[in-house]
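K.L.:
Residue numbers (our numbering), protein chains in the order written: chain A, 1 to 146; chain B, 1 to 146.
From the three backbone atoms N, C-alpha and C, an ideal C-beta is built for every residue, glycine too.
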DNA sequence: CTAAATTAAATTGAGCACAACTTAATTATA
DNA sequence: TATAATTAAGTTGTGCTCAATTTAATTTAG
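1) Measure the C-alpha to C-alpha separation of residue 122 of chain A and residue 131 of chain B and round it to an integer number of angstroms.
2) Count the CB pairs spanning the stretch 97 to 104 of chain A and the stretch 128 to 142 of chain A that are closer than 8 Å, and state whether there are at least three.
3) When the distance is taken between beta carbons, is residue 10 of chain B closer than 8 Å to residue 44 of chain A?
4) Taking beta-carbon pairs under 7 Å, can you tell me which members of the stretch 85 to 100 of chain B lie near chain A?
5) Determine the closest residue to residue 48 of chain B out of B:129, B:26, B:78, B:30, with distance taken between C-alpha atoms.
6) Measuring only from the beta carbon, is residue 17 of chain B closer than 7 Å to any heavy atom that is part of the ligand PLP?
7) Below 8 Å, how does it come out for the stretch 72 to 86 of chain B and the stretch 47 to 66 of chain A: are there three or more Cβ pairs, yes or no?
8) In three-state terms, what does DSSP make of residue 124 of chain A?
9) For residue 33 of chain B and residue 110 of chain B, what's the separation of their Cα atoms in angstroms?
10) For my contact list, residue 15 of chain B and residue 142 of chain A are in at a C-beta cut-off of 8 Å; report their separation, rounded to the angstrom.
11) Compare the C-alpha of residue 107 of chain A against each of A:125, A:144, A:84, A:57 and name the closest.
12) So which residues of chain A does residue 104 of chain B contact, with C-beta pairs closer than 7 Å?
13) Kindly indicate the opening and closing residues of the beta strand (DSSP E) around residue 99 of chain B.
14) Go ahead and pull the three-state DSSP assignment for residue 44 of chain A.
15) Closer than 9 Å by beta-carbon distance: list the chain B residues that pair up with residue 7 of chain A, in chain order.
16) Thinking residue 22 of chain A and residue 22 of chain B are a contact (beta carbons under 8 Å), I'd like their distance in whole angstroms, please.
17) Taking C-beta pairs closer than 7 Å, name the residues in chain A that residue 49 of chain B reaches, listed in chain order.
18) Between residue 61 of chain A and the rest of its own chain, which residues show a CB-CB distance below 7 Å, the 5 nearest in sequence each way excluded?
19) Going along the chain, which unbroken runs of the alpha helix (DSSP H) with 4 or more residues stay wholly within the stretch 12 to 81 of chain A?
20) Could you confirm whether any beta carbon from chain A is found closer than 8 Å to the beta carbon of residue 22 of chain B?
21) Please state whether DSSP places residue 3 of chain B in a helix, a strand or coil.
22) Residues of chain A with a CB under 8 Å from the CB of residue 128 of chain B: which are they?
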């Protein structure tokens, strides 16, 4: 039996399992990230720095889908821990460049086991992971177009 | 060329697109929910009340994957708006029962168009939505087992 | 060249999300 | 049946997340 209210059920809105699964997976990172003294947001920022070495707040924000309101305190915290250095661009004083330090590079060695450890909890086979991955990026790409 | 650090790339961790897509989709709800004077968390709580009419904080928390630390202020806010009433269970004074009001029921009429409006932004076809749905619940079910 | 528009970060304030702890009620056990 | 253990909510404190605003630097147009 269906009604005009069916769309208003939790189990009929894709957005709810997305939201719940996201939080539950992030929770699984916590014990491993606690050992590194990183929050999840600090961790994904460091993942970008391990690849890019140096970038502006705006560039980092585009990669993480976060704005300066979120990133400014996260970057200050990472700088306080000694993993990055923040400095104004000489070419354009509006731009803040964040650059990974030697200490930040070294942290990569300790972080390298984190993804495998968490992957063990999720228990999708490689085909399913690929499917999920493609669907999520399809959603992200469309929403990112605006 | 692959390295032992490949797992530490954003694009190789399922958790990142999950986190980013979740936030981006929720952002699409905002304009519609603003019109109802509801936040997203208040909205998913109301979705449960539209189905269940009355339940305890614990039961609601199990459905939403949220604890009393999050739900207590959300429920107080919904009560302040007149959509629910909170009262202690007579059978067990520890339990707080939250019950939808007439006004809360009426809100459903205004909310009924929200899911369709947002679904339009996501742009997955019905097969893809079903796939995504199944994969997300698979992740949730496994993580929920502990 | 200068005023207006744009841009990049930072700031502010509201509302989660969650861990850790507290309080009060109920249940289990010695 | 005392008391110990457990349970349900609430409280507290930290850290996002985001919208809206502010500040300062740069670019664009008149």
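P.N.:
Reading off the structure:
1) To locate residue 122 of chain A, count along the first chain from 1; it is residue 122. To locate residue 131 of chain B, count along the second chain from 1; it is residue 131. Rounded to the nearest angstrom, the two C-alpha atoms are 17 Å apart.
2) Judged by pairs of C-beta atoms under 8 Å, the stretch 97 to 104 of chain A does not touch the stretch 128 to 142 of chain A, as fewer than three such pairs exist.
3) Residue mapping note: residue 44 of chain A aligns to position 44 of the first chain, counting from 1. Residue mapping note: residue 10 of chain B aligns to position 10 of the second chain, counting from 1. Result yes, Cβ atoms of residue 44 of chain A and residue 10 of chain B sit closer than 8 Å.
4) none
5) Here residue 48 of chain B corresponds to residue number 48 of the second chain, with the count starting at 1. The shortest Cα separation from residue 48 of chain B among B:129, B:26, B:78, B:30 belongs to B:78.
6) Of ligands this structure carries none, so the ligand PLP is not represented either.
7) no
8) Within the first chain, numbered from 1, the residue matching residue 124 of chain A stands at position 124. Reduced to three states, the DSSP call for residue 124 of chain A is coil.
9) Looking up residue 33 of chain B in the second chain gives position 33. Looking up residue 110 of chain B in the second chain gives position 110. Separation of residue 33 of chain B and residue 110 of chain B (C-alpha to C-alpha, rounded to the nearest whole angstrom) is 10 Å.
10) Here residue 15 of chain B is taken as the residue at index 15 of the second chain, counted from 1. Here residue 142 of chain A is taken as the residue at index 142 of the first chain, counted from 1. Residue 15 of chain B to residue 142 of chain A, Cβ: 20 Å. No contact.
11) Indexing the first chain from 1 puts residue 107 of chain A at position 107. Taking residue 107 of chain A as reference, the option from A:125, A:144, A:84, A:57 with the minimal CA-CA separation is A:84.
12) Your numbering for residue 104 of chain B matches position 104 in the second chain. Within 7 Å Cβ-Cβ: nothing; residue 104 of chain B doesn't reach chain A, min ~13 Å.
13) On the second chain, position 99 is the one that residue 99 of chain B refers to. Residues 96 to 100.
14) Here the question's residue 44 of chain A lines up with position 44 in the first chain. It is helical.
15) Taking the first residue of the first chain as position 1, residue 7 of chain A is located at position 7. Listed along the chain, the chain B residues whose CB falls inside 9 Å of the CB of residue 7 of chain A are 112, 113, 114, 115, 116, 119.
16) If you number the first chain from 1, residue 22 of chain A lands on position 22. If you number the second chain from 1, residue 22 of chain B lands on position 22. With 8 Å as the limit, residue 22 of chain A and residue 22 of chain B qualify as a contact, their Cβ atoms being about 4 Å apart.
17) The residue labelled residue 49 of chain B in the question sits at position 49 within the second chain. None at all; the shortest Cβ gap to chain A is about 11 Å.
18) By one-based count along the first chain, residue 61 of chain A stands at place 61. Closer than 7 Å at the Cβ level, and outside the excluded window around residue 61 of chain A, lie 67, 68, 71.
19) 15 to 36, 40 to 52, 57 to 64, 68 to 80
20) Taking the second chain and counting its residues from 1, the one referred to as residue 22 of chain B is at position 22. At least one chain A Cβ lies under 8 Å of residue 22 of chain B.
21) Taking the first residue of the second chain as 1, we reach residue 3 of chain B at position 3. Coil at residue 3 of chain B, not helix or strand.
22) For the purposes of this step, residue 128 of chain B is taken as the residue at position 128 of the second chain. Correct list: 135, 138.
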